[in-house]
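*Asks:* Residue numbers (the working numbering): 16 to 99.
Virtual Cβ for every residue (Gly too), placed ideally from N, Cα, C.
Here you go, one structure.
In structure tokens, the structure reads:
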């Protein structure tokens, strides 16, 4: 009978150890997921900013000076990189 109780205790200890290990893995996965979400939000915010600036430039499309044209080229380049 004592051996049976001891075996049950060992099995329970093994389950507890496995559960703690899985919980640590889940916490790590959650931290990674939250980090990735922040990058996605930053990426989305950047694209929204570029979109608003492009809208602003398009209002004066016929009267862009050299600086504005350079900025437009840089925005196109940034969007090209983000698109990949």
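Taking 8 angstroms as the threshold, find out whether the segment 43-63 comes into contact with the segment 74-91 through three or more Cβ pairs.
*Replies:* Not touching, per the Cβ criterion.
*Asks:* Could you pull the start and end residues of the alpha helix (DSSP H) that residue 67 belongs to?
*Replies:* Unbroken alpha helix (DSSP H) run through residue 67: 17-74.
*Asks:* Figure out for me which residue from 79, 63, 83 and 82 has the closest Cα to the Cα of residue 97.
*Replies:* The candidate whose alpha carbon is nearest that of residue 97 is 63.
*Asks:* Helix, strand or coil for residue 80? Go by DSSP, reduced to three states.
*Replies:* Note: residue 80 maps to coil in three-state DSSP.
*Asks:* Pull up the distance between the alpha-carbon of residue 21 and that of residue 27, whole angstroms please.
*Replies:* Going by the C-alpha atoms only, they are around 10 angstroms apart.
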